[in-house]
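Visitor: Have a look at the structure that comes next, please.
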DNA sequence: GATGAATGAGTGTTCATTCAT
DNA sequence: CATGAATGAACACTCATTCAT
């Protein structure tokens with residue numbers, strides 16, 4: 273008996289991400305993905321229940337990998353502003369090294385089939401950041417408003433900015449990112 | 273292909289928007305749309321070159337309608353903050369009255385086929401707002417940073433917030449919107 | 273606009289019957305049927321909702337045609353035995369001229385997907401025969417047992433016999449049929 | 273391929289019968305059957321050449337088991353009618369205790385792949401009954417017609433009746449069976 | 001101008017079978 | 001002997017688009 277092949281699964285994951293980047297989610301057919309991975313479409317169904325499962329699983333994988341990466345990058349603890357600054361930097365660093373993964377999760381998360389992923393499960397991996405924000409509010413460094421609002425101004429401009437940069441050629445202008453972070457910080461700081 | 277029968281074209285537009293809202297962009301087939309509009313699929317091709325043209329044209333139509341609506345709502349001219357506050361209010365007013373149109377443009381703009389729309393043409397309709405920002409920078413009321421950055425913090429949290437509110441039942445909490453605007457303003461003000 | 277084509281529908285019906293006869297129900301794929309009919313598989317879906325609908329509709333068509341044929345063949349009214357004898361003869365006459373249709377309904381009716389056909393609707397077309405049996409019981413010519421039992425001994429040996437004859441080369445031996453009818457009549461007569 | 277592991281083979285047989293009963297012949301895939309038997313699909317191919325062989329072999333097994341059962345039940349030898357009456361009773365007794373096996377052979381025997389079973393081999397196991405009929409004809413108790421005809425009126429109504437009873441809930445009404453036998457006997461007796 | 005019929009190309013998925021272990 | 005992984009071929013069905021009327 274041949275063993276379920278780590279290499280094949282990896283091929284499947286990167287083929288899925290690449291296909292979605294090239295053709296868009298809607299045009300990413302199972303057969304396109306399988307062909308790019310060098311597998312038969314039937315093989316895909318050994319590793320994933322169906323197409324939805326394939327996409328959602330990879331989405332979860334990438335998101336978790338990303339959140340782990342970012343959290344590990346945060347070393348400074350002197351001030352909240354510095355921590356969030358590191359967080360922004362880490363994010364752009366990750367994105368610039370994983371453009372395809374990032375574009376994949378952006379496409380997937382704005383598609384309706386995203387609704388099936390376990391949001392609760394997802395949330396767990398962002399708890400450290402949620403904790404930082406709570407602390408900041410308690411210490412009076414951050415505005416005492418709805419937690420979601422803080423996250424909104426911390427992340428949504430970041431994501432849109434990163435997406436735009438990738439779409440427009442892919443250069444990540446550090447100066448612009450720094451400026452953007454200042455705006456973000458000004459929006460949430462007390 | 274245009275200017276055939278105003279009524280049929282309108283039916284087509286609202287059928288498209290409704291179908292995309294119900295089934296998602298990926299599952300919105302030409303025949304579904306035509307059926308909902310009470311037309312034959314073939315008739316659709318009299319009014320639009322192909323499916324892409326249909327979606328992109330409606331996207332442009334809705335975006336322009338939205339920008340016109342917003343610009344007309346701005347009456348106050350005393351201070352820039354008040355103007356932008358009105359702009360936010362107008363935006364949420366429009367969105368709450370045109371949920372389907374809004375969700376349509378959100379879905380379309382995060383799909384890859386959005387790339388074909390004429391961005392230059394689009395930009396023209398947002399010139400009044402661009403003008404306001406330029407003025408604000410000149411007068412020293414707004415940070416002297418890249419124009420795109422100002423727009424980013426003015427609009428991207430707004431759009432994400434509106435989308436979330438619609439997804440979570442549809443209630444538009446005015447207090448939250450006001451708070452959100454304060455964060456937005458704090459991010460761009462000097 | 274091209275009109276829905278009587279000829280194409282007929283082609284579809286006879287292609288379905290022929291394919292089921294050649295390959296068996298289970299191996300009769302939509303594409304095989306369409307190819308034999310000289311049509312694209314997609315065209316089939318203009319005429320029938322899906323594969324089940326195709327098979328069930330044709331089953332109903334053939335059954336109704338068969339029952340009409342048989343009922344029209346009954347002219348004699350002198351004695352019940354003669355009527356039933358005519359019925360047997362008519363049946364074998366129909367079957368020998370419509371071997372493929374007969375084998376098709378035999379295969380379909382012993383398959384599980386037969387369950388979806390409207391049995392009530394079907395029953396209506398056999399009411400004349402049901403009436404004859406009821407009369408026979410009243411007049412004391414036929415045993416006063418469950419109606420289903422009479423039908424069972426009138427029809428099930430007939431069908432099995434016809435099927436066997438077709439399977440074994442296709443010759444319809446009249447003498448054997450006459451003998452068989454005598455057995456059938458002996459089983460139900462008082 | 274045979275004589276490997278008695279237990280596994282038995283598991284395979286009952287899994288096949290159960291699957292065919294649950295899903296129908298057409299939807300009974302090799303992997304479904306293997307899973308129900310607690311085996312790998314590959315293992316199945318150690319015991320049987322292919323799917324057809326699996327089904328045909330089991331069909332033969334069940335038919336032989338059934339004929340053995342029935343023949344062993346016949347004890348009485350006073351009159352041919354009593355013998356055949358016992359035969360009917362034995363048949364219904366077997367069927368009511370082995371509904372799944374019976375439905376399996378019914379489904380299989382009306383499918384075209386049934387044609388591959390060795391009819392000669394099959395016939396052997398029914399020789400005792402053939403003998404009884406021949407005797408009856410000689411003694412003048414049974415009509416002197418084609419042997420197949422006698423079998424037809426002895427068995428085909430019986431099988432159809434049993435199938436209907438199982439389909440309609442599964443109750444075996446003894447009175448109806450007795451009546452049916454009387455009709456069967458009347459059809460063949462001299 | 002308007003249409004339903006028509007279709008080649010494609011969809012996601014399952015199949016019976018074989019292979020490497 | 002036994003197996004889970006692997007697959008080419010097939011499955012039922014839908015698609016965007018065109019054509020004849």
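Residue numbers (the numbering used here), protein chains in the order written: chain V, 273 to 462; chain D, 273 to 462; chain B, 273 to 462; chain P, 273 to 462. A virtual CB, placed ideally from N, CA and C, is assigned to each residue, including glycine.
Would you mind stating whether residue 389 of chain B and residue 328 of chain B have Cβ atoms separated by less than 9 Å?
Guide: As a first step, residue 389 of chain B must be located in the third chain, where it is residue number 117. As a first step, residue 328 of chain B must be located in the third chain, where it is residue number 56. It is a contact, given that the beta carbons lie within the stated cut-off.
Visitor: Is the number of C-beta pairs between the region 443–451 of chain D and the region 383–400 of chain D that are closer than 8 Å three or more?
Guide: No, they do not touch.
Visitor: For a contact defined as C-beta to C-beta under 7 Å, what are the partners of residue 301 of chain P on chain B?
Guide: The sequence position of residue 301 of chain P within the fourth chain is 29, counting from 1. Near residue 301 of chain P there are no residues of chain B at all, since even the closest Cβ is about 12 Å away, more than 7 Å.
Visitor: Could you tell me the distance, in whole angstroms, from the CA atom of residue 331 of chain D to the CA atom of residue 377 of chain D?
Guide: Residue mapping note: residue 331 of chain D aligns to position 59 of the second chain, counting from 1. Residue mapping note: residue 377 of chain D aligns to position 105 of the second chain, counting from 1. If I take the Cα positions, the gap works out to 6 Å.
Visitor: Under 9 Å, Cβ to Cβ, is there at least one residue of chain V near residue 379 of chain D?
Guide: If you number the second chain from 1, residue 379 of chain D lands on position 107. Answer yes: the Cβ-Cβ gap between residue 379 of chain D and chain V drops below 9 Å somewhere.
Visitor: Helix, strand or coil, according to DSSP, for residue 318 of chain B in the structure here?
Guide: In the third chain, residue 318 of chain B corresponds to position 46, counting from 1. Residue 318 of chain B: helix per DSSP, three-state reduction.
Visitor: Which residues mark the beginning and the end of the alpha helix (DSSP H) in which residue 411 of chain D is found?
Guide: One-based indexing of the second chain puts residue 411 of chain D at position 139. No alpha helix (DSSP H) contains residue 411 of chain D, which DSSP labels as neither H nor E.
Visitor: Decide if the region 307–318 of chain P is in contact with the region 361–371 of chain P; the criterion is three or more beta carbon pairs, one per stretch, under 8 Å apart.
Guide: No contact exists between the region 307–318 of chain P and the region 361–371 of chain P.
Visitor: Using 9 Å as the limit for Cβ to Cβ distance, is residue 417 of chain P near chain B?
Guide: For this step, residue 417 of chain P is matched to residue 145 along the fourth chain. It does; some Cβ of chain B falls within 9 Å.
Visitor: Which runs of the alpha helix (DSSP H) fall wholly inside the region 369–435 of chain P and span at least 4 residues, in chain order?
Guide: If we require 4 residues or more, the alpha helix (DSSP H) runs fully inside the region 369–435 of chain P come out as 371–381, 391–396, 399–411.
Visitor: Hey, residue 460 of chain B and residue 425 of chain B are a contact pair by Cβ (cut 8 Å); roughly how many whole angstroms apart?
Guide: Within the third chain, numbered from 1, the residue matching residue 460 of chain B stands at position 188. Within the third chain, numbered from 1, the residue matching residue 425 of chain B stands at position 153. Indeed they touch by this definition, with Cβ atoms about 5 Å apart.
Visitor: Would you mind sorting residue 487 of chain V into buried or exposed? The rule is 16 or more other CB atoms within 10 Å of its CB.
Guide: Nothing can be reported for residue 487 of chain V, as the shown portion of chain V is limited to 273 through 462.
Visitor: Let me know the secondary structure DSSP gives residue 353 of chain B once reduced to three states.
Guide: Counting from 1 along the third chain, the entry for residue 353 of chain B is found at position 81. The answer is helix: DSSP assigns residue 353 of chain B an H, G or I state.
Visitor: In three-state DSSP terms, what is residue 365 of chain V?
Guide: Position 93 of the first chain holds residue 365 of chain V. Residue 365 of chain V falls in the helix class under three-state DSSP.
Visitor: Please state if the CB of residue 462 of chain P and the CB of residue 415 of chain P are separated by a distance shorter than 9 Å.
Guide: Within the fourth chain, the letter at position 143 stands for residue 415 of chain P. Within the fourth chain, the letter at position 190 stands for residue 462 of chain P. Contact: yes.
Visitor: Which word fits residue 347 of chain B, buried or exposed, when buried means at least 16 other C-beta atoms lie within 10 angstroms of its C-beta?
Guide: Here residue 347 of chain B refers to the residue found at position 75 of the third chain. Exposed is the call here.
Visitor: Under 7 Å, CB to CB, which of the residues in the region 432–449 of chain B have a partner in chain P?
Guide: Within the region 432–449 of chain B, the residues whose Cβ lies closer than 7 Å to some Cβ of chain P are 432, 433, 448, listed in chain order.
Visitor: Nearest-angstrom Cα distance between residue 452 of chain D and residue 431 of chain D?
Guide: Here residue 452 of chain D corresponds to residue number 180 of the second chain, with the count starting at 1. Here residue 431 of chain D corresponds to residue number 159 of the second chain, with the count starting at 1. Going from the Cα of residue 452 of chain D to the Cα of residue 431 of chain D covers about 11 Å.
Visitor: Out of curiosity, what's the CA-to-CA distance linking residue 300 of chain B and residue 292 of chain B?
Guide: Counting from one through the third chain, the residue named residue 300 of chain B turns up at place 28. Counting from one through the third chain, the residue named residue 292 of chain B turns up at place 20. Those two C-alpha atoms are separated by around 6 Å.
Visitor: Hey, out of D:357, D:336, D:287, D:281, whose CA is closest to residue 320 of chain D's CA?
Guide: Your numbering for residue 320 of chain D matches position 48 in the second chain. Checked all of D:357, D:336, D:287, D:281; the closest Cα to residue 320 of chain D is D:281.
Visitor: Hey, how far is the Cα of residue 402 of chain D from the Cα of residue 340 of chain D?
Guide: Along the second chain, one-based indexing puts residue 402 of chain D at 130. Along the second chain, one-based indexing puts residue 340 of chain D at 68. C-alpha separation (whole angstroms): 14 Å.
Visitor: Could you work out which residues of chain D lie near residue 306 of chain V, taking near to mean beta carbons separated by less than 7 Å?
Guide: Taking the first residue of the first chain as 1, we reach residue 306 of chain V at position 34. Those do not exist, as residue 306 of chain V stays about 19 Å from chain D at its closest Cβ, beyond 7 Å.
Visitor: Using a C-beta cutoff of 9 Å, does residue 461 of chain V count as contacting chain D?
Guide: If you number the first chain from 1, residue 461 of chain V lands on position 189. Yes, its Cβ sits closer than 9 Å to a Cβ of chain D.
Visitor: Decide if residue 455 of chain B is buried, meaning its Cβ has at least 16 other Cβ atoms within 10 Å, or exposed.
Guide: Along the third chain, read from residue 1 onward, the residue named residue 455 of chain B stands at position 183. Buried: at least 16 other Cβ atoms inside 10 Å.
Visitor: Cβ atoms of residue 295 of chain B and residue 457 of chain B: under 9 Å apart, would you say?
Guide: As a first step, residue 457 of chain B is located in the third chain; it is residue number 185 there, counting from the start. As a first step, residue 295 of chain B is located in the third chain; it is residue number 23 there, counting from the start. In this structure, residue 295 of chain B does not lie closer than 9 Å to residue 457 of chain B by Cβ.
Visitor: Tell me the DSSP secondary structure of residue 449 of chain V in three-state form.
Guide: The residue you call residue 449 of chain V lines up with position 177 of the first chain. Residue state, collapsed to three classes: helix.
Visitor: Less than 8 Å between C-beta atoms, sequence neighbours within five positions excluded: which residues of the same chain meet that for residue 449 of chain B?
Guide: For the purposes of this step, residue 449 of chain B is taken as residue 177 along the third chain, with counting starting at 1. Closer than 8 Å at the Cβ level, and outside the excluded window around residue 449 of chain B, lie 360, 361, 364, 433.
Visitor: Is residue 384 of chain P close to chain B? Criterion is C-beta to C-beta, closer than 9 Å.
Guide: Translated into the one-based positions of the fourth chain, residue 384 of chain P becomes position 112. So yes, residue 384 of chain P belongs to the interface.
Visitor: Output, in chain order, the set of chain P residues within a Cβ distance shorter than 8 Å of residue 283 of chain B.
Guide: Here residue 283 of chain B corresponds to residue number 11 of the third chain, with the count starting at 1. Those within 8 Å of residue 283 of chain B in chain P number zero; the least Cβ separation is about 23 Å.
Visitor: In three-state DSSP terms, what is residue 461 of chain V?
Guide: Start at 1 with the first residue of the first chain, and residue 461 of chain V comes out as number 189. The answer is strand: DSSP assigns residue 461 of chain V an E or B state.
Visitor: Please compile the residues from chain P whose C-beta is within a distance smaller than 9 Å of the C-beta of residue 364 of chain B.
Guide: Taking the third chain and counting its residues from 1, the one referred to as residue 364 of chain B is at position 92. Ordered by position in chain P, no residue passes the 9 Å Cβ test against residue 364 of chain B, which lies about 14 Å from the chain.
Visitor: Quick one, are the C-beta atoms of residue 310 of chain B and residue 290 of chain B less than 9 Å apart?
Guide: Along the third chain, read from residue 1 onward, the residue named residue 310 of chain B stands at position 38. Along the third chain, read from residue 1 onward, the residue named residue 290 of chain B stands at position 18. Result no, Cβ atoms of residue 310 of chain B and residue 290 of chain B do not sit closer than 9 Å.
Visitor: Nearest to residue 407 of chain V by alpha carbon, out of V:325, V:384, V:351, V:342?
Guide: Along the first chain, one-based indexing puts residue 407 of chain V at 135. Ranking the options by Cα distance to residue 407 of chain V, first place goes to V:351.
Visitor: For residue 322 of chain P and residue 323 of chain V, I'd like the C-alpha separation in whole angstroms.
Guide: Taking the first residue of the fourth chain as position 1, residue 322 of chain P is located at position 50. Taking the first residue of the first chain as position 1, residue 323 of chain V is located at position 51. The straight-line gap from Cα to Cα measures roughly 31 Å.
Visitor: Can you name the residues of chain B whose CB is closer than 7 Å to the CB of residue 296 of chain P?
Guide: As a first step, residue 296 of chain P must be located in the fourth chain, where it is residue number 24. Those within 7 Å of residue 296 of chain P in chain B are 384.
Visitor: So which residues on chain D does residue 451 of chain V lean against when the C-beta distance must stay under 9 Å?
Guide: Taking the first residue of the first chain as 1, we reach residue 451 of chain V at position 179. The answer, in chain order, is 415, 417, 418, 421.
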